[in-house]
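Participant: Sequence lines, in order, name chains A and B. So for the first sequence, this note's numbering puts the first residue at 77; every next one is plus one. So for the second sequence, this note's numbering puts the first residue at 848; every next one is plus one.
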Amino acid sequence: MATPMIELDRVAKHYGGQAAVADVSFTIDKGEFIALMGPSGCGKTTTLRMIAGLDQPSSGEIRLWGRRLNEDAPWERDAPLVWQSYALFPFLSVRKNVEFGLKQRRLPAPERRKKAEEWMERLGIAGFAERGIDQLSGGQRQRVALARALALEPEMLLLDEPLSALDPHLRVRMQSELVRLHRELGITFICVTHSHSEAFAMADRVVIMNEGRIQQIGAPREIHRRAANRFVAEFVGGNNLFTGTARVEANGAIALESPVGTVHAPAPSEGGPASGTTATLVVPADRIELASAGTGTGNEVTARVVTVEFVGTTVTVFLETEGGGELRAQRSLHEIENTPLAVGQPVVARWSPSQGFFLPG
Amino acid sequence: MSMAALRRLLLLAYTALVFAFIFAPIVSTIVFSFNADRFPSLPWGGFSLQWYEAIFADATIQRGLTNSLVVAGATCIIATFLGFSAAYVDYRYRFLGKSVYLALAALPPTVPVVILGVALLTFEGRVGLSGTLQGIIVGHVVLSTPFAMALVRMRLADLDPDIERAAWNLGASPWATMFGVIVPFCLPAILAALFLTAAVSFDEFMIAWFVSGVNETLPVRVLAMLQGQVSPRINAIGAIVFGVSITLIVLAQLLLGRLSGRAARRKG
């Protein structure tokens, strides 16, 4: 097997008695876009900082192309970071900021200038090369921070919450620009974010962390369709979790006595719940259709509309069954145009059994 | 006249009086330094530069001025270097006893200068520094370093700790970061500290008086002259000393004003 580019091998970081990172192992291949995602305090930023050398692991090993990296000082590593606060040098012009790293490498001034020019051009900040940092908007600062890191032409780029300080409309634009840069440069991107929409929109693989441990690693689609545990299923959002008593049926499928009624789902290929045990079924909200009347096939739950939430062209409908069970459905606006959704109105929520999956026991 | 306008007028008059009270002695010194008469009395005896000519012809005053400039020059460089270092240690590191370190570093200006002068005299007498310019410089460094440290600390408080790490992250060694990031960032405060410590040293009388011996600085010379006779030359010296000190302090204030103006804009 080829050596992965970056390996984290049972890495832990303790501050005093507190474990910021408890035990983390994963590998990153060259050219991947990896997102480290989790709630604040989950250890994702500490993990990133350990890769940059700004924090020292308390135990475990970080390797780059198979070589132990732990003792390398931050200035000896080739892992520029785009800071959440941008951390631009306030007393230097845009150009001097972009040239800073090149200067440290003792690149002659003309080459330095040429490279800086190239990257400023590429990131659309060449127009204010001579301006000071305090004369820039947030989005422009972000670009300077990116240019400053990328001018080093590194084999990996580290990003710490790169979009969190931007206005919502800029965020979406920057997000697609990061994806484009990643594709064009072909280098490894490691991005820390607390937002699952950012992580899922940009990354090839997502590492979900909680309380210093990895909860799941996988491609966005995989994580969405096969959450490894309850934390992941709840954290990525948009999932219905039904917990109840399982019953294995004659055809091998499993029926679950849940708060929303009896629902069906296929048994997982291995380790499915046995009859009489408690199991949790996950049904993505975007797989639940709404109709005014049932058809008698698949899973059908009759419930009353509690709230209707519009986010852009997506509508989330919160429902409550007679028995007090809650579920939600996410549809795009045009799909439910003809379905009356007044609050209190009874509707039928339906989904095919194959859309649900059980969390591993 | 309305109440508000009256109140405003009274406030203005009061402020003018306070300033007049503070500046009258200085202004009279400067005015009478150009007076042709031997005695400072009104009416003015006519404009003259004779007292300035007299002091520039007086070798003891010339020596005093040279000594003062040498001492101020050396003091401001050493004190600013030490103050910067002390402030950076405070910014960069956490360690046991840091509050004690800070308290000790800020202590010298709170000690009455007479005590400081006597202590320096006895101490320097033992190590063979008393009566030398180096001895005065040591005393002035002790007195003025805390001011330099306070100025640099104020500036460093505005430096995002991520910025230093960002420099490391971009391949700058700690030394390269010191000279490429920390010093340039602190430069206005460092310049202000140079001017302020120079001003403190140039004006300082008590320590210099105890320690200087035959190497009198200008303030010490002035007092020696005053003890002998009251000469209008004193006015001329006073005007010069005031001019130098106020220039240094105004420069320091301008630099600091630019700093705080920028900080306010960033926060706003």
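Glycine residues also receive a C-beta, built at the ideal position from the N, C-alpha and C atoms.
Establish whether the CB of Gly195(A) and some CB of chain B are separated by less than 8 angstroms.
Facilitator: The sequence given here places Trp at residue 195(A); Gly does not occur at that position. It does not: the Cβ of Trp195(A) has no partner Cβ on chain B nearer than 8 angstroms.
Participant: Let me know if Lys120(A) comes out buried or exposed under the rule of 16 or more other beta-carbons within 10 Å of its beta-carbon.
Facilitator: buried
Participant: From the DSSP output, in three-state form, read off Trp427(A) for me.
Facilitator: It is a strand residue.
Participant: Helix, strand or coil, according to DSSP, for Asn327(A) in the structure here?
Facilitator: coil
Participant: Pop quiz: Ala1014(B) and Ser880(B) are said to be a contact at Cβ under 8 angstroms. What is the actual Cβ separation, rounded to whole angstroms?
Facilitator: With a Cβ gap of about 52 angstroms, Ala1014(B) and Ser880(B) do not count as contacting.
Participant: Please report whether the beta-carbon of Gly1115(B) lies at a distance below 8 angstroms from any beta-carbon of chain A.
Facilitator: Confidence in Gly1115(B) is poor, its pLDDT being 37 and thus under 50, which makes the residue's placement unreliable; the coordinate value appears in the next sentence. Output row for Gly1115(B): interface = no.
Participant: Would you identify the three-state DSSP class for Arg125(A), choosing helix, strand or coil?
Facilitator: Residue state, collapsed to three classes: helix.
Participant: Run down chain A in chain order and give the residues with a C-beta less than 8 angstroms from the C-beta of Ile1029(B).
Facilitator: Neighbours of Ile1029(B) on chain A: none; closest Cβ ~10 angstroms, over 8 angstroms.
Participant: What are the boundary residues of the beta strand (DSSP E) that includes Gln94(A)?
Facilitator: 94-104
Participant: Exposed or buried, which one is Gly1115(B) when buried takes at least 16 other CB atoms within 10 Å?
Facilitator: Only weak support exists for where Gly1115(B) lies, its pLDDT of 37 falling under 50; the value from the coordinates is given anyway. Classification for Gly1115(B): exposed.
Participant: With DSSP as the reference, identify every bridge partner of Gln292(A), one or two as the case may be.
Facilitator: Gln292(A) pairs with Ile284(A).
Participant: Looking only at its chain, what residues have a beta carbon closer than 7 angstroms to the beta carbon of Thr907(B), apart from the 5 residues adjacent to it on each side?
Facilitator: Arg1068.
Participant: Using 8 angstroms as the limit for Cβ to Cβ distance, is Arg1012(B) near chain E?
Facilitator: Considering every chain present, this structure includes no chain E. Its protein chains are A and B.
Participant: By DSSP, does Lys1114(B) sit in helix, in strand, or in coil?
Facilitator: The pLDDT assigned to Lys1114(B) is 44, lower than 50, so where the model puts this residue is not dependable; a value taken from the coordinates is nonetheless given after this. Reduced to three states, the DSSP call for Lys1114(B) is helix.
Participant: Between the alpha carbons of Gly215(A) and Pro230(A), how many angstroms are there, rounded?
Facilitator: 22 angstroms
Participant: If you draw a straight line from the alpha carbon of Val170(A) to that of Val158(A), how long is it in whole angstroms?
Facilitator: Approximately 15 angstroms between the Cα atoms of the pair.
Participant: Ignore the nearest five residues each way along the sequence and tell me which others in Leu234(A)'s own chain have a CB closer than 6 angstroms to its CB.
Facilitator: Leu124, Ala128, Ala155, Leu157, Ile266
Participant: Rounded to the nearest angstrom, what separates Leu199(A) and Glu274(A) at their Cα positions?
Facilitator: Their Cα atoms are separated by approximately 20 angstroms.
Participant: Counting only Cβ-Cβ distances shorter than 8 angstroms, please list the residues of the segment 989-1017 of chain B near chain A, keeping chain order.
Facilitator: Against chain A - using a Cβ distance shorter than 8 angstroms - the residues of the segment 989-1017 of chain B are Asp1007, Asp1009, Ile1010, Arg1012, Ala1013, Ala1014, Trp1015, Asn1016, Leu1017.
Participant: Assuming the contact rule is C-beta atoms closer than 8 angstroms, Arg281(A) and Ile82(A) should be a hit. Round their C-beta distance to whole Å, please.
Facilitator: Their Cβ separation, rounded to whole angstroms, is 12 angstroms, which puts Arg281(A) and Ile82(A) out of contact at 8 angstroms.
Participant: Considering only the alpha carbon of each residue, which of Ser134(A), Ala149(A), Leu84(A) lies closest to Ala95(A)?
Facilitator: Ser134(A)
Participant: Starting from Gln1076(B), trace the alpha helix (DSSP H) both ways and give me its first and last residue.
Facilitator: Premise fails: Gln1076(B) is in no alpha helix (DSSP H) and is neither H nor E.
Participant: Pairs of beta-carbons, one from the segment 915-932 of chain B and one from the segment 1045-1054 of chain B, closer than 8 angstroms: are there three or more?
Facilitator: yes
Participant: Note down, in chain order, every chain B residue with its Cβ under 9 angstroms from the Cβ of Gln218(A).
Facilitator: Simply none; closest approach about 14 angstroms.
Participant: So, at 8 angstroms on beta carbons, what are the nonlocal neighbours of Asp905(B) in its own chain, with the 5 sequence-adjacent residues on each side left out?
Facilitator: Arg1080
Participant: Which bits of chain B does Ala295(A) rub up against, with CB to CB less than 7 angstroms?
Facilitator: Correct list: empty, because the minimum Cβ distance to chain B is about 29 angstroms.
Participant: Who are the neighbours of Arg181(A) on chain B, taking C-beta pairs under 8 angstroms?
Facilitator: Gly1018
Participant: What ranges does the alpha helix (DSSP H) occupy inside the segment 991-1027 of chain B, keeping only unbroken runs of at least 4 residues that lie completely in it?
Facilitator: 1008-1016, 1021-1024
Participant: Measuring only the C-alpha atoms, how far is Glu385(A) from Ile364(A)?
Facilitator: 15 angstroms
Participant: How many angstroms separate the CA atom of Asp1050(B) from the CA atom of Val1088(B)?
Facilitator: 7 angstroms
Participant: Verify whether the separation of the beta carbon atoms of Lys172(A) and Met126(A) is less than 8 angstroms.
Facilitator: Against a cut-off of 8 angstroms, the Cβ pair of Met126(A) and Lys172(A) comes out as no contact.
Participant: With distance defined between alpha-carbon atoms, name the residue in Ala952(B), Gly964(B), Met1072(B) nearest to Ser1059(B).
Facilitator: Gly964(B)
Participant: Work out the CA separation of Val387(A) and His410(A) for me, nearest whole Å.
Facilitator: 13 angstroms
Participant: Could you name the residues of the same chain whose beta carbon sits closer than 7 angstroms to that of Ile902(B), not counting the 5 residues immediately before and after it, in chain order?
Facilitator: Ile908, Arg1080, Ala1083, Ile1084
Participant: Tell me whether Met850(B) is buried or exposed, calling it buried when 16 or more other Cβ atoms sit within 10 Å of its Cβ.
Facilitator: By the C-beta density criterion, Met850(B) is exposed, having fewer than 16 other C-beta atoms within 10 angstroms.
Participant: Residues of the segment 125-150 of chain A with a CB closer than 7 angstroms to any CB of chain B: list them in chain order, please.
Facilitator: Ala128, Leu130, Pro150
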